[in-house]
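Chains as they are written, first to last, in the working numbering: chain X, 1 to 359; chain Y, 1001 to 1282; chain W, 2001 to 2293.
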Amino acid sequence: MANVTLRNVRKTYPGGFEAIKGVNVDVADGQFCVLVGPSGCGKSTLLRMVAGLETVTGGEIDIGGRVVNQVEPADRDIAMVFQNYALYPHMSVFNNMAYGLRNRGMKEAEVKTRVDEAARVLELTPMLERKPRQLSGGQRQRVAMGRAIVRQPKVFLFDEPLSNLDAKLRIAMRVEIRKLQRRLNTTSIYVTHDQLEAMTLADVLVVMNGGEVEQIGNPLAIYEKPATTFVASFIGAPPMNLMPTRADEIKSQLGSTEAGILGIRPEDFVITDQTPAGGIALPLTVEAIERVGAETFVYGARDQDEQRVAATPGELPPGEVIVRIPGSEAPPIGARIRVAALRQKLHLFSGDGRTRLEA
Amino acid sequence: MVEEEGFRRYVAHAILWIGIAIVAFPVYIAIVASTQDNALIANGQMSLLPGGHFFEVYYQTIFVGTSGSTREPVGNMMLNSLVMALLIAVGKIAISIISAYAIVYFRFPFRMPIFWIIFITLMLPVEVRIYPTYKIVADLHMLDSYAGLALPLIASATATLLFRQFFMTVPDELLEASRIDGAGPLRFFWDTLLPLSRTNMAALFVILFILGWNQYLWPLLITTRDDMQTIQVGIRKMITTTDALTEWPVVMATAVLAMLPPVFVVVAMQKLFVRGLVETEK
Amino acid sequence: MQKQAIFQSRLLPYALVAPQLAIVLIFFYWPALQAVVQSFLLQDAFGLSTTFVWFDNYIELFRDRAYFEAIVRTFLFSFAIALSSLSFALLLAVMADKPLRGSMLYRTLLIWPYAVAPPVVGVLWIFMLHPSLGVLARYLRAMGIDWNPLLDGDQAAALIILAAAWKQISYNFLFFLAGLQAIPRSVFEAAAIDGARPMRRFWTVTFPLLSPTIFFLLVVNIVYAFFDTFGIIDTMTRGGPGTSTVTLVYKVYSDGLLGGNLGSSAAQSVILMVMVIVLTGIQFRFVERKVTY
Chain X
1 MANVTLRNVR KTYPGGFEAI KGVNVDVADG QFCVLVGPSG CGKSTLLRMV
51 AGLETVTGGE IDIGGRVVNQ VEPADRDIAM VFQNYALYPH MSVFNNMAYG
101 LRNRGMKEAE VKTRVDEAAR VLELTPMLER KPRQLSGGQR QRVAMGRAIV
151 RQPKVFLFDE PLSNLDAKLR IAMRVEIRKL QRRLNTTSIY VTHDQLEAMT
201 LADVLVVMNG GEVEQIGNPL AIYEKPATTF VASFIGAPPM NLMPTRADEI
251 KSQLGSTEAG ILGIRPEDFV ITDQTPAGGI ALPLTVEAIE RVGAETFVYG
301 ARDQDEQRVA ATPGELPPGE VIVRIPGSEA PPIGARIRVA ALRQKLHLFS
351 GDGRTRLEA
Chain Y
1001 MVEEEGFRRY VAHAILWIGI AIVAFPVYIA IVASTQDNAL IANGQMSLLP
1051 GGHFFEVYYQ TIFVGTSGST REPVGNMMLN SLVMALLIAV GKIAISIISA
1101 YAIVYFRFPF RMPIFWIIFI TLMLPVEVRI YPTYKIVADL HMLDSYAGLA
1151 LPLIASATAT LLFRQFFMTV PDELLEASRI DGAGPLRFFW DTLLPLSRTN
1201 MAALFVILFI LGWNQYLWPL LITTRDDMQT IQVGIRKMIT TTDALTEWPV
1251 VMATAVLAML PPVFVVVAMQ KLFVRGLVET EK
Chain W
2001 MQKQAIFQSR LLPYALVAPQ LAIVLIFFYW PALQAVVQSF LLQDAFGLST
2051 TFVWFDNYIE LFRDRAYFEA IVRTFLFSFA IALSSLSFAL LLAVMADKPL
2101 RGSMLYRTLL IWPYAVAPPV VGVLWIFMLH PSLGVLARYL RAMGIDWNPL
2151 LDGDQAAALI ILAAAWKQIS YNFLFFLAGL QAIPRSVFEA AAIDGARPMR
2201 RFWTVTFPLL SPTIFFLLVV NIVYAFFDTF GIIDTMTRGG PGTSTVTLVY
2251 KVYSDGLLGG NLGSSAAQSV ILMVMVIVLT GIQFRFVERK VTY
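Structure below.
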């Protein structure tokens, strides 16, 4: 059991490329921390630095009160689940799980107890003598998990462990991983590019972009109050609608002095002729709709010279707006509709998108 | 594929059988000749059907040798060839796999120069540097020794390149998982990389064994003692004597015995052979 | 070129490359260097003194009519062997690539001669075509041909080309078959639907798509004819009659062994090295082109 603390961690490659530009994260004992971000944001590099697979060029990584910058991966008391599982193809399932224990000189009887227990938990008992190639994708995934849990490490590290599975299995394994982590109560760091996976798994969510942390916090808090336009568009699907606004309008409507960016989530719109006080209303022409059953997504184009509507923050440049409405509704293509959102559903960001303006 | 009607298929079958006949005919003749009486052959009266001297000819060949100038039994020559071929195959695989491991899995000063030094050897067969090599081996007192037979033929990069290529396809995560599982470089090599290389090693072994067994010019130069002769050299010496004295049934039996091990390897391990051949030529 | 995931160790990698490096330096670089050095030296008749003679050994070689003939002969042999063996092997491979019953059996029966050593090949063929006792020679004489390769240089050359080409059939067959099988079946089907008859399909589709393999094999066969024919020549004709079957490699061997002219033999070795390097270079450049198209 341990907490993991990253203090101003940096990674600069010999060529001068800065992959990680000073990251501070604190994962408390037993917490499930998810690093999420687009590919190339540095999340995997960060995880591999915690594992000891990449060197740290600045700052400190602290596992359970011990700075591990110089410690070999094998001695950090961590276990890792890889994206492609990295199972030893020539070893049986049993030996795959036992290998790390035997390398540490554990007695064979104890190895067997641990592996059998892990196999029982993961429902792998009938497959212990098989080779990885005789297993299905989901089973391989579970062996990779088993290899991690037999070690009973201080920290689990997951590097996109579900991305090689099909959609249905991914959801099932997601639930299993969460249940398992709760039961073992082991501190975990999990890397994914899938924001839905991130939202559902995390106690602490770390949104990364360009080698930096954009926002850290409880997933719902991040969803409700994204700190930057990047977070706003990355967390939530479909993404938040972002529209540049003029300075004077922000001033009058939202009490800010800068030109900024207005954000509204698709689900916060309703189709209505009314305009809520302090809210926003937009006339749209329906260009496309996607009906997925429980809900319908409307892709609308804002009119270029739209009519001024009371309390609308000004002329918005032309662009597409996504609106989510109940699945029972579906306006025809080409129809002109009018959508509105409440004052408290509006998000406002500075013009560069780096700061959230309203509280 | 485009299915073809009957006639064309028969033509294809016929051409293939003609090809097989052409390929097999000389060997058939050798087998037939090795069972006949020498006098009959020397008169140009050889029959195209097997004769009745099979056992006596092969017994003489393997255990006694020709009655002419070289009296070395072919059994001993085969032993020499076998030792040389095994030394070349095993030696080359062993030194190549560890050097490829170093070049792929470590970063160290002079790594690239060392790689190039090894790589360039790919270009030049032993034939073009034959006398200087002979001199070195003589200076090292390795004439008429198995080491002298095998070492100069081990000095080439094919196997190193093959293993390097294979190691590059092994996922990085396997090494990382091993490191987390507490395995050091030697342990990773022994527990993971070596078992994964088994098929490649086997394919390479098949090819190198055949090449080693079939070596000719080099053993011809450095073996002076009859008891160190390989079978390829021995067979040549058997027909050195004037024609009239050549014991053709023994020569042909020796030819058959010389073909037997490598042909058996090709046929029995066809898959590995094809794989090895294609891989080493890349 | 190298992995991202690597081990850190100061001495281990050197220990791992040391055996191969030692063998390569002692048995490859040192002799190759010796060959180059020796090619600039002239040894007196008793081997007591050597003098540095610049390019004299080379100049003498190129003035030597026998050497010039050996070069021409080697190339003639090479092309004759390559062309005859390649075309026959291609015919067989195209047939074996058809969806026929027993195609695996055909493959097995056609590839094994690869394993027959050159001197054995020589012995097999000289025995069949031996003027006084050869089984095939009988028929040739019956056909009115004055067959005696032990006396007639052209016949000796033909014999060597025949034997060398025979040995190379299986190798070429194997690579042609692999090359044919790498061509997507749908291409043939499209050509058939486009109205191309089998013969036309071969020349307009198969042959062009196979050209990388053909080129690769051409180079390999030429290198083979340079070096591996040594065993065949040495058992069949010993370079004779006269010098009518002396190739470059055979000349290196016989000049060094019999003539004791080490300077000239070394110069010949160096020239051979250069030729092989050029051939390999052509092949590498070609392989690169193939990768990038």
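The beta carbon of each residue, even a glycine, is placed where N, CA and C say it ideally should be.
Contacts of residue i in chain X (Cβ-Cβ under 9 Å)
{"i": "Pro1185 (chain Y)", "result": "The premise fails here: Pro1185 (chain Y) is roughly 12 Å from chain X at the closest Cβ pair, so nothing lies under 9 Å."}
Cβ distance (whole Å) where residue i is taken to contact residue j below 8 Å
{"i": "Ala232 (chain X)", "j": "Leu242 (chain X)", "result": "7 Å"}
{"i": "Gln181 (chain X)", "j": "Leu165 (chain X)", "result": "Wrong, their Cβ atoms sit about 18 Å apart, outside the cutoff."}
{"i": "Thr2235 (chain W)", "j": "Ala2156 (chain W)", "result": "That pair is no contact at about 13 Å."}
{"i": "Leu1175 (chain Y)", "j": "Ala2115 (chain W)", "result": "That belief does not hold up - the Cβ atoms of Leu1175 (chain Y) and Ala2115 (chain W) are roughly 38 Å apart, past 8 Å."}
{"i": "Leu1149 (chain Y)", "j": "Met1084 (chain Y)", "result": "5 Å"}
{"i": "Ile1062 (chain Y)", "j": "Pro1050 (chain Y)", "result": "At roughly 18 Å, the Cβ-Cβ gap does not stay under 8 Å, so Ile1062 (chain Y) and Pro1050 (chain Y) are not in contact."}
{"i": "Phe2173 (chain W)", "j": "Ile2111 (chain W)", "result": "7 Å"}
{"i": "Phe2127 (chain W)", "j": "Ile1029 (chain Y)", "result": "7 Å"}
{"i": "Leu1124 (chain Y)", "j": "Met2273 (chain W)", "result": "6 Å"}
Within 7 Å, strictly: CB atoms of residue i and residue j
{"i": "Leu201 (chain X)", "j": "Val34 (chain X)", "result": "yes"}
{"i": "Ile2222 (chain W)", "j": "Val2121 (chain W)", "result": "no"}
{"i": "Phe32 (chain X)", "j": "Asp203 (chain X)", "result": "yes"}
{"i": "Phe349 (chain X)", "j": "Ile322 (chain X)", "result": "no"}
{"i": "Leu47 (chain X)", "j": "Val191 (chain X)", "result": "yes"}
{"i": "Leu2177 (chain W)", "j": "Ala2082 (chain W)", "result": "no"}
{"i": "Asn94 (chain X)", "j": "Val115 (chain X)", "result": "At residue 94 (chain X) the sequence reads Phe, which differs from the Asn that was named. In this structure, Val115 (chain X) lies closer than 7 Å to Phe94 (chain X) by Cβ."}
{"i": "Gln2168 (chain W)", "j": "Ser2085 (chain W)", "result": "yes"}
{"i": "Val1250 (chain Y)", "j": "Ile1031 (chain Y)", "result": "no"}
{"i": "Gly146 (chain X)", "j": "Leu122 (chain X)", "result": "yes"}
{"i": "Ile1222 (chain Y)", "j": "Val1137 (chain Y)", "result": "yes"}
{"i": "Asn84 (chain X)", "j": "Glu1173 (chain Y)", "result": "yes"}
{"i": "Ala2225 (chain W)", "j": "Asn1214 (chain Y)", "result": "no"}
{"i": "Thr1280 (chain Y)", "j": "Ile1210 (chain Y)", "result": "no"}
{"i": "Arg268 (chain X)", "j": "Lys345 (chain X)", "result": "First, the amino acid is wrong: residue 268 (chain X) is Asp here, not Arg. It is a contact, given that the beta carbons lie within the stated cut-off."}
Interface residues of chain Y facing residue i [CB-CB closer than 8 Å]
{"i": "Ser2170 (chain W)", "result": "Val1023"}
{"i": "Tyr2014 (chain W)", "result": "Ala1102, Phe1108"}
Partners in chain Y for residue i, counting only beta-carbon separations shorter than 9 Å
{"i": "Ser2269 (chain W)", "result": "Glu1127, Val1128, Arg1129, Ile1130, Tyr1131, Pro1132"}
{"i": "Asp2146 (chain W)", "result": "Neighbours of Asp2146 (chain W) on chain Y: none; closest Cβ ~16 Å, over 9 Å."}
Beta-carbon proximity list for residue i, same chain, < 7 Å, skipping 5 on both sides
{"i": "Ala1157 (chain Y)", "result": "Ile1118, Phe1119, Thr1121, Leu1122"}
{"i": "Arg1164 (chain Y)", "result": "Ala1100, Ile1103, Val1104"}
{"i": "Ala294 (chain X)", "result": "Gly327"}
{"i": "Thr5 (chain X)", "result": "Asp26, Asp62"}
{"i": "Ala2070 (chain W)", "result": "Val2246, Thr2247, Leu2248, Lys2251"}
{"i": "Asn1038 (chain Y)", "result": "Glu1247, Trp1248, Pro1249"}
Proximal residues of chain X, C-beta to C-beta of residue i below 8 Å
{"i": "Arg1179 (chain Y)", "result": "Gly52, Leu53, Glu72, Pro73, Ala74"}
Residues near residue i in its chain [Cβ-Cβ closer than 6 Å; skip 5 each side]
{"i": "Leu2209 (chain W)", "result": "Ile2183"}
{"i": "Thr2229 (chain W)", "result": "Ala2164"}
{"i": "Val2291 (chain W)", "result": "Unreliable positioning characterises Val2291 (chain W) in this predicted model, as indicated by a pLDDT of 38, which lies under 50. A coordinate reading is not provided."}
{"i": "Ile1231 (chain Y)", "result": "Met1077, Met1078, Ser1081, Ala1258"}
{"i": "Leu1151 (chain Y)", "result": "none"}
{"i": "Thr1133 (chain Y)", "result": "Pro1152"}
Closer than 8 Å at the beta carbon, the chain W residues around residue i
{"i": "Asp1172 (chain Y)", "result": "Lys2003, Gln2004, Ala2005"}
{"i": "Tyr1216 (chain Y)", "result": "Ala2117, Pro2118, Pro2119, Phe2230, Gly2231, Asp2234"}
8 Å CB neighbourhood of residue i in its chain, flanking five on each side removed
{"i": "Thr312 (chain X)", "result": "Only weak support is given to the placement of Thr312 (chain X): the predicted model assigns it a pLDDT of 38, under 50, and the value that follows is read from those uncertain coordinates. Answer for Thr312 (chain X): Thr275, Ile280, Ala281, Leu282, listed in chain order."}
{"i": "Gly30 (chain X)", "result": "Met1, Asn185, Thr186, Thr187"}
{"i": "Leu124 (chain X)", "result": "Val93, Ala118, Gln139, Arg142, Val143, Gly146"}
{"i": "Ala86 (chain X)", "result": "Ala144"}
Proximal residues of chain Y, C-beta to C-beta of residue i below 7 Å
{"i": "Ala19 (chain X)", "result": "By Cβ distance, chain Y contributes nothing, its closest Cβ being about 17 Å from Ala19 (chain X), past 7 Å."}
Beta-carbon neighbours of residue i, restricted to chain W and to distances below 7 Å
{"i": "His1013 (chain Y)", "result": "Leu2100"}
Chain-ordered chain W contacts of residue i [CB-CB under 9 Å]
{"i": "Ala1258 (chain Y)", "result": "Val2116, Ala2117, Pro2119, Val2120, Val2123"}
Whole alpha helix (DSSP H) elements within the segment 106-191 of chain X, 4-residue minimum | Runs found: 108-121, 137-149, 167-184.
Contiguous alpha helix (DSSP H) assignments of at least 4 residues, all confined to the segment 30-56 of chain X = Complete alpha helix (DSSP H) runs here, min 4: 43-51.
Minimum length 4: unbroken alpha helix (DSSP H) runs contained in the segment 2067-2111 of chain W | As far as the segment 2067-2111 of chain W is concerned, its whole alpha helix (DSSP H) runs of at least 4 residues are 2103-2111.
Could you tell me which uninterrupted alpha helix (DSSP H) segments, each at least 4 residues in length, are contained entirely in the segment 1009-1063 of chain Y, listed from first to last along the chain?
-> For the alpha helix (DSSP H) assignment, the uninterrupted runs of no fewer than 4 residues enclosed by the segment 1009-1063 of chain Y are, from N- to C-terminal side, 1038-1042, 1054-1059.
Along the chain, which unbroken stretches of the beta strand (DSSP E) at least 3 residues long are found entirely within the segment 1180-1213 of chain Y?
-> With a minimum length of 3 residues, no continuous beta strand (DSSP E) run stays inside the segment 1180-1213 of chain Y.
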